[in-house]
Amino acid sequence: MHYSCILLLFVLSAAHPLTSRATDHTSRPNIVVFLTDDHSLLDSSVYGSRDVRTPNMQRLAERGMTFTQAFVASPTCAPSRAALLTGLMPARNGCVPNHSRARPEIKKLPGYFRELGYDIAAFGKVAHYGHGKHYGFENIHHEGFHDYRGIPAAVDFLAKRGRTKPLCLFVGTNWPHRPWPADAGGYVPEALSVPASHVDTAVTRAFRARYYHAVMRADEDLGAIHEAAMAHLGENTLFLLSSDHGAQWPFGKWTCYDAGIRVPLIAAWPGRVKAGTRTDAMVSWVDILPTLLAAAGGDPPVTGYGSGELDGRSFLPVLLGKETSHRDRVFATHSGDGAMNVYPMRSVRTASWKYVANLHPEFQFTSHIDRAAEADETDYWKSWVEKATTDARAAEIVTRYRQRPAEELYDLQTDPFELNNLALEPRHSARAAAMSADLREWMRKQGDQGGVFNKPVLLVPSDDFPGAGGSP
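Our numbering puts the sequence shown at residues 2 to 473.
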């Protein structure tokens, strides 16, 4: 081959660093990702709830594959969504505390899909509020706090769009993020169940009814987008549903318990993903980017800690029924949410065990749940504190919320709601030590320094944080 031809081939390949297994754009699937906001896995009929109605999630599950072991990288909005859009965990992408952003030089999901010839659009809360352009979404609309126009705008976009290119569409509903609807939406508080980790009060039940109403609204938004996608994009569409992390309840959002990091994940792709299937394959949100790239015919970056390498790896073989497992453990990180929550923690979870490291157990755990300025945000928490003055079980739960040990270890087979900490029991000391070592080594590889990003509320005085303290 003539030297000039070789040079031309080199230049062309350098201009398109993401290689592709498919060259015909019309053969690529459309991709639609629908995200709910603050929605724990167990709060849907698909995952066994008898309290909340989610018929559109149920219909999607009947059309595709339901994941029972899907986990986010972080139990807060901005770090979780940054991990999704970069394929990197928080310490590596730079979005560590809530409301921060991934480093600008890191390649992000829209960049990969542009190289594959996709149109890219985002409606609603996809990245964090106002962060869409930073993550490479040029066609983005209605990403403000509880801006409800994103859903109808996305439906209208699908109806009017031409079909010259395959589409990668992200749609985010604000539901069921607080504030929840003021009414119960037909739910009867007295008929609802209350999680074992919560204090059962009349106010708690009233707020759970409002939360379920918010979940129902998210489900309605899902139905609108799924119907429009199927009507206007056709069968060759990979439709994926998930949530950025768990709900804003104690021991949920802002924590590494399963109620904070275990989320719904359902994927439907007619003719490719077998309908009505379930999988226990363990996956992380950092795996979604490489999975979507693989489904689109691209070759995702390799998994590793080097420059340009991702933390995530594709679980497309699981979707296509070629494999039944993916990861043997997942990691999660939380560092804080402004001044409301200053409580860094890390976790590692296997199919059967969870280890949580609270990096500063001398800090008091606080969050919007007990510190929000708006009275409506804290009403049910106040009912917990009041009941704790006369009820031993309530007092135990309130204390557990505020004060946490350095280490927590849970047997998820016998204790799925993580109520019985085994970290200090001698018979489990070897397991706790091994999981702690695994977690610390992972942090080292990640470059995770376990930083503190605001002034904490201290349980006891400390010279390390002068001036910190006070009552939340």
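Positions of the beta carbon are idealized from the N, C-alpha and C atoms, including for glycine.
If you're wondering where the values come from, they're calculated on a predicted model, not measured in any experiment.
Given this structure, state the Cα-to-Cα distance separating residue i from residue j, to the nearest angstrom.
i	j	result
Ala-197	Val-399	13 Å
Val-461	Phe-364	8 Å
Gly-277	Pro-271	11 Å
Thr-165	Ala-84	30 Å
Asp-312	Thr-69	21 Å
Arg-1	Leu-317	Given a span of 2 to 473 for the chain in the structure shown, any question on residue 1 remains unanswerable.
Tyr-213	Val-156	24 Å
Pro-265	Asn-57	13 Å
Asp-314	Leu-290	The question names Asp, but residue 314 is Arg in the sequence shown. Their Cα atoms are separated by approximately 8 Å.
Trp-385	Gln-249	15 Å
Thr-304	Ala-396	46 Å
Asp-222	Leu-86	22 Å
Pro-301	Gly-186	44 Å
Ala-358	Thr-379	27 Å
Pro-406	Thr-390	23 Å
Ala-295	Pro-180	37 Å
Asp-120	Cys-169	6 Å
Val-453	Tyr-258	20 Å
Phe-11	Pro-30	The pLDDT assigned to Phe-11 is 34, lower than 50, so where the model puts this residue is not dependable; a value taken from the coordinates is nonetheless given after this. About 28 Å.
Asp-377	Ser-28	51 Å
Arg-328	Asp-288	10 Å
Leu-459	Gly-337	15 Å
Tyr-344	Gly-118	43 Å
Glu-310	Gln-414	34 Å
Leu-425	Glu-419	15 Å
Ser-472	Val-204	The predicted model places Ser-472 with a pLDDT of 41, which falls under 50 and marks its position as unreliable; any figure quoted below should be read in that light. Roughly 23 Å separates the two Cα atoms.
So, are the CB atoms of residue i and residue j less than 8 Å apart?
i	j	result
Asn-94	Ile-107	yes
Asp-412	Leu-423	yes
Pro-172	Gly-235	According to the sequence displayed, residue 172 carries Val and not Pro. Contact flag unset, no.
Ala-352	Ser-41	no
Met-436	Arg-347	no
Ile-262	Gly-65	no
Cys-78	Asp-245	yes
Ala-232	Val-73	no
Thr-67	Thr-174	no
Lys-456	Ala-282	no
Ala-215	Pro-190	no
Phe-158	Ala-122	yes
Ile-32	Leu-321	no
Ala-269	Ile-152	no
Phe-366	Arg-403	yes
Arg-432	Trp-354	yes
Ala-297	Phe-114	yes
Lys-368	Asn-342	The amino acid at residue 368 is misidentified as Lys; the sequence shows Ser. Yes, the Cβ-Cβ distance between Ser-368 and Asn-342 is below 8 Å.
Under DSSP, the beta strand (DSSP E) around residue i begins and ends at which residues?
i	result
Ser-285	278 to 285
Val-349	346 to 350
Asn-1	As shown, the chain starts at 2 and ends at 473. That puts residue 1 outside it, with no answer to give.
Glu-409	408 to 412
Val-357	354 to 359
Gly-125	120 to 125
Among the options, which has the Cα closest to the Cα of residue i?
i	options	result
Trp-255	Asp-449, Leu-410, His-214 and Ile-370	Ile-370
Ser-430	Tyr-356, Tyr-188 and Ala-352	Tyr-356
Glu-116	Thr-77, Phe-72, Ala-268 and Pro-167	Pro-167
Phe-208	Tyr-381, Ser-50 and Phe-454	Tyr-381
Ser-45	Leu-61, Pro-427, Ser-368 and Asn-31	Leu-61
Lys-109	Arg-206, Ala-92, His-135 and Gly-131	His-135
Ser-101	Pro-111, Ser-81, Leu-459 and Gly-112	Ser-81
Phe-35	Ala-160, Glu-228 and Pro-76	Glu-228
Val-195	Pro-251, Gly-118 and Val-284	Pro-251
Gly-145	Gly-137, Ala-160, His-178 and Phe-114	His-178
Val-274	Ser-285, Trp-286 and Glu-324	Glu-324
Looking at the secondary structure, which residues open and close the alpha helix (DSSP H) in which residue i lies?
i	result
Lys-446	430 to 447
Val-458	That residue, Val-458, is in no alpha helix (DSSP H); it is neither H nor E in DSSP.
Tyr-113	110 to 116
Asp-371	369 to 372
Asp-380	376 to 389
Thr-400	393 to 403
Thr-334	Counting along the chain, Thr-334 falls outside any alpha helix (DSSP H), though it belongs to the beta strand (DSSP E) covering 331 to 335.
Ala-79	78 to 87
Ala-92	91 to 94
Pro-427	Per DSSP, Pro-427 belongs to no alpha helix (DSSP H) and is neither H nor E.
Pro-318	317 to 320
Segments of 3+ residues assigned as beta strand (DSSP E) that fall wholly inside the region 129 to 197: For the region 129 to 197, whole beta strand (DSSP E) runs of length 3 or above, ordered along the chain, are 168 to 173.
Inside the region 219 to 300 only - alpha helix (DSSP H) runs reaching at least 4 residues: 259 to 262 and 289 to 296
Alpha helix (DSSP H) runs wholly inside the region 44 to 75, at least 4 long, in chain order: 56 to 64
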